[in-house]
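Residue numbers (our numbering): 1 to 119.
First the structure, in the form of structure tokens, and then the observations on it.
Structure, rendered in structure tokens:
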């Protein structure tokens, strides 16, 4: 009877210690998983914030470049000779004037009228 009591007590102590250890390990695992979730959430928010800032900057740069291209196109439509120097314009005018004179000399009055309307 004494041996049985000792064996039961030892088994009871062993089971109690094992269960307490198991509960402790489960609690630690739950805490570790919760910490991982918190850390992952923080990293996600940080990455999303950085991405949104970069996206904002990229959109600003793109819109600025599109605006510059549109302004350049509109200016070209408004004044097709705007990028030429005065000497180049004088040369272009002289060339067109020579073409007009040659068309008149050759009695090509229709072509001369078109050249004159373009001048």
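All C-beta atoms, glycine included, are put in the ideal place defined by N, C-alpha and C.
Computed from a predicted structure; not experimentally measured.
Query: Local conformation of residue 85 per DSSP, three classes; Result: coil
Query: For residue 62, the first and last residue of its enclosing alpha helix (DSSP H); Result: 2-78
Query: Contact under 8 angstroms by Cβ, residue 115 with residue 92; Result: no
Query: Supposed close pair residue 103, residue 94 - CB separation, criterion 8 angstroms; Result: That belief does not hold up - the Cβ atoms of residue 103 and residue 94 are roughly 15 angstroms apart, past 8 angstroms.
Query: C-alpha distance - residue 72 paired with residue 37, whole-angstrom precision; Result: 52 angstroms
Query: Rounded separation between residue 12 and residue 40 - CA only; Result: 42 angstroms
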